[in-house]
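Chemist:
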Ligand SMILES: [Mg+2]
């Protein structure tokens with residue numbers, strides 16, 4: 051079996067979107083002065099870096115007729131250019147079973163500029179599509195090629211609860227509690243730019259969600275890199291009484307020492323990794339004991355080949371992996387590792403920030419029941435096909 055072609059297409063959503071709430075999640079731009087002014091005034095759209103309305107879909111086609119699907123969610127047009135110009139020539143004509151060699155080839159050939167960020171995301175998409183081909187050509191789901199089933203079903207945590215008014219957040223939590231979820235992740239709306247009023251608002255929102263879900267459910271808290279070290283150090287003791295399972299990405303992804311300092315405080319476990327890349331990037335996080343939970347995304351870290359190695363590394367450090375975003379490429383890794391106790395789960399909503407776009411592009415993404423998802427034992431590959439249902443709402447390039 052040989053790879054015959056690699057095609058990258060950009061899917062850009064042109065359909066209706068839900069207007070964003072002002073500052074529904076703290077983010078790294080909050081500390082930049084022009085954004086901060088609008089964010090303090092409230093109501094304005096300060097969330098433009100938190101919108102993912104386009105994806106790159108990569109199709110790897112083999113000479114015996116298998117087509118594997120992979121995807122990139124970061125900088126989609128740039129990712130497409132990287133796949134077309136740099137990666138496709140490295141894998142076309144090659145045997146997809148040589149996936150380790152092909153992964154190393156892509157990683158090393160683009161190393162000068164590609165080792166973190168969109169370069170690795172593009173490599174990930176090609177690698178994921180190669181694994182989809184391997185599953186399809188053997189008639190087995192990808193998780194069976196990675197170690198097989200380690201759990202009956204995958205427990206999921208409900209991930210949304212953007213900062214809106216507290217009544218709306220409570221209603222949302224109640225709806226998904228009633229659907230059987232027993233773990234929830236909420237977003238903070240405020241950070242260092244919002245002063246003591248923001249501190250109070252942040253604490254009020256956690257209290258409001260805890261009031262609904264009680265203390266027998268897990269509660270995760272998301273900062274999306276919108277705080278800084280000093281602010282996070284002030285917040286941790288105030289958050290302790292709410293017993294969060296973790297505090298996610300309190301500082302920017304490059305501040306590994308900041309993560310390490312916060313995690314060493316031992317007050318609330320710190321999580322991160324959705325903006326980290328490669329096996330060695332994760333070794334740095336683990337060596338510094340910077341995170342208590344690793345949250346890589348398979349479509350950023352170098353694909354399934356690399357994520358499988360990161361799983362092994364984290365297992366050796368006894369740091370659990372709970373990948374970013376759910377989604378098929380992550381579910382297969384989670385199913386096949388005992389060190390991956392649960393998954394993030396973005397429910398399907400009307401298109402808002404774009405996390406939910408996966409459901410609109412692909413068919414086959416599992417829907418949670420009683421707070422769990424499952425993977426079929428008899429669906430080969432990743433189990434995704436390209437959906438035609440919403441195609442009218444996309445502009446597709448490539
Ligand atoms: Mg996150």
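Residue numbers (my numbering): 51 to 448.
Virtual Cβ for every residue (Gly too), placed ideally from N, Cα, C.
Alpha carbons only, please: which of 348, 309, 203, 230 is nearest the one belonging to residue 181?
Modeler: Here the question's residue 181 lines up with position 131 in the chain shown. Of the listed residues, the one whose Cα sits closest to residue 181 is 348.
Chemist: What residue does the beta strand (DSSP E) around residue 201 start on, and which one ends it?
Modeler: For the purposes of this step, residue 201 is taken as the residue at position 151 of the chain shown. Here residue 201 belongs to no beta strand (DSSP E), and DSSP marks it neither H nor E.
Chemist: Which stretch, first to last residue, makes up the alpha helix (DSSP H) that contains residue 163?
Modeler: For the purposes of this step, residue 163 is identified with residue 113 of the chain shown, where counting begins at 1. Here the alpha helix (DSSP H) through residue 163 covers 161-164.
Chemist: Is the separation between the beta-carbon of residue 213 and that of residue 248 shorter than 8 Å?
Modeler: To locate residue 213, count along the chain shown from 1; it is residue 163. To locate residue 248, count along the chain shown from 1; it is residue 198. It is not a contact, given that the beta carbons lie outside the stated cut-off.
Chemist: Can you list, in chain order, the residues of its chain whose CB lies under 7 Å from that of residue 61, leaving out five sequence neighbours each side?
Modeler: Position 11 of the chain shown, counted from the start, is the residue given in the question as residue 61. Taken in chain order, the residues that qualify are 104, 105, 107, 411, 444, 446.
Chemist: May I ask you to verify whether the region 194-207 touches the region 173-180, counting CB pairs closer than 8 Å and requiring at least 3?
Modeler: Result no; under three Cβ-Cβ pairs closer than 8 Å.
Chemist: Let me confirm a value: residue 388 is counted as buried when at least 16 other C-beta atoms fall within 10 Å, else exposed. Which label applies?
Modeler: Indexing the chain shown from 1 puts residue 388 at position 338. Its Cβ having fewer than 16 others within 10 Å, residue 388 is exposed.
Chemist: Could you give the distance in angstroms between the alpha-carbon of residue 341 and the alpha-carbon of residue 320?
Modeler: As a working note, residue 341 is residue 291 in the chain shown. As a working note, residue 320 is residue 270 in the chain shown. Near 5 Å, if we compare the C-alpha coordinates of residue 320 and residue 341.
Chemist: Mind checking whether the beta-carbon of residue 382 lies closer than 7 Å to any heavy atom of ligand 1?
Modeler: As a first step, residue 382 is located in the chain shown; it is residue number 332 there, counting from the start. No, ligand 1 has no heavy atom inside 7 Å of this Cβ.
Chemist: Is it buried or exposed for residue 208, if we count other Cβ within 10 angstroms and need 16 for buried?
Modeler: On the chain shown, position 158 is the one that residue 208 refers to. It counts as buried.
Chemist: Who are residue 395's beta bridge partners in DSSP?
Modeler: Here residue 395 corresponds to residue number 345 of the chain shown, with the count starting at 1. Paired residue(s): 208.
Chemist: Starting from residue 55 and walking both ways along the beta strand (DSSP E), at which residues does that stretch end?
Modeler: As a working note, residue 55 is residue 5 in the chain shown. Unbroken beta strand (DSSP E) run through residue 55: 53-63.
Chemist: Measuring from the CB of residue 298, is there a heavy atom of ligand 1 at a distance below 7 Å?
Modeler: Position 248 of the chain shown, counting from 1, holds the residue named residue 298. Residue 298: yes, Cβ under 7 Å from ligand 1.
Chemist: Report the residue ranges of all alpha helix (DSSP H) runs contained in full by the region 273-313; include only those spanning at least 4 residues, in chain order.
Modeler: Listed in chain order, they are 279-289.
Chemist: Beta carbon of residue 346: closer than 7 Å to some heavy atom of ligand 1?
Modeler: Counting from one through the chain shown, the residue named residue 346 turns up at place 296. Not so, every heavy atom of ligand 1 lies at least 7 Å from the Cβ.
Chemist: Please say whether residue 263 and residue 216 have beta carbons closer to each other than 8 Å?
Modeler: Position 166 of the chain shown, counting from 1, holds the residue named residue 216. Position 213 of the chain shown, counting from 1, holds the residue named residue 263. It is not a contact, given that the beta carbons lie outside the stated cut-off.
Chemist: Starting from residue 353, trace the beta strand (DSSP E) in both directions and tell me its first and last residue.
Modeler: Here residue 353 corresponds to residue number 303 of the chain shown, with the count starting at 1. Where residue 353 is concerned, there is no enclosing beta strand (DSSP E), although the alpha helix (DSSP H) it sits in stretches over 353-367.
Chemist: Less than 7 Å separating the Cβ of residue 161 from some heavy atom of ligand 1?
Modeler: Taking the first residue of the chain shown as position 1, residue 161 is located at position 111. No, since every heavy atom of ligand 1 falls outside the 7 Å radius drawn around the Cβ of residue 161.
Chemist: For ligand 1, is there a heavy atom less than 7 Å away from the beta-carbon of residue 274?
Modeler: Against the chain shown, residue 274 aligns to sequence position 224. True, at least one ligand heavy atom lies under 7 Å from that Cβ.
Chemist: Can you determine whether any heavy atom of ligand 1 sits closer than 7 Å to the C-beta of residue 324, and answer yes or no?
Modeler: Taking the first residue of the chain shown as position 1, residue 324 is located at position 274. It does: the Cβ of residue 324 is within 7 Å (strictly closer) of some heavy atom of ligand 1.
Chemist: Run through DSSP, which three-state label would residue 139 get?
Modeler: Looking up residue 139 in the chain shown gives position 89. Correct three-state label for residue 139: helix.
Chemist: Let me know if residue 56 comes out buried or exposed under the rule of 16 or more other beta-carbons within 10 Å of its beta-carbon.
Modeler: Taking the chain shown and counting its residues from 1, one reaches residue 56 at position 6. Under this definition residue 56 is a buried residue.
Chemist: Is residue 249 helix, strand or coil by DSSP?
Modeler: Taking the first residue of the chain shown as position 1, residue 249 is located at position 199. Residue 249: helix per DSSP, three-state reduction.
Chemist: Does the distance from the CB of residue 241 to the CB of residue 186 come in under 8 Å?
Modeler: For the purposes of this step, residue 241 is taken as residue 191 along the chain shown, with counting starting at 1. For the purposes of this step, residue 186 is taken as residue 136 along the chain shown, with counting starting at 1. For residue 241 and residue 186, no; Cβs fall outside 8 Å.
Chemist: Report buried or exposed for residue 91, applying the criterion of at least 16 other Cβ atoms within 10 angstroms of its Cβ.
Modeler: Here the question's residue 91 lines up with position 41 in the chain shown. Residue confidence is low: residue 91 scores 47 on pLDDT, short of 50, so the model does not pin down where it sits. Its coordinate-derived value is still stated next. Result: exposed.
Chemist: List the whole-angstrom C-beta distance separating residue 395 from residue 423, where the pair is believed to meet the contact cut-off of C-beta under 8 Å.
Modeler: Numbered from 1 along the chain shown, position 345 holds the residue referred to as residue 395. Numbered from 1 along the chain shown, position 373 holds the residue referred to as residue 423. Sure, about 7 Å apart at Cβ, within 8 Å.
Chemist: Roughly how many angstroms separate the alpha carbons of residue 132 and residue 160, rounded to a whole number?
Modeler: Counting from one through the chain shown, the residue named residue 132 turns up at place 82. Counting from one through the chain shown, the residue named residue 160 turns up at place 110. Taking the straight line joining both Cα atoms gives about 9 Å.
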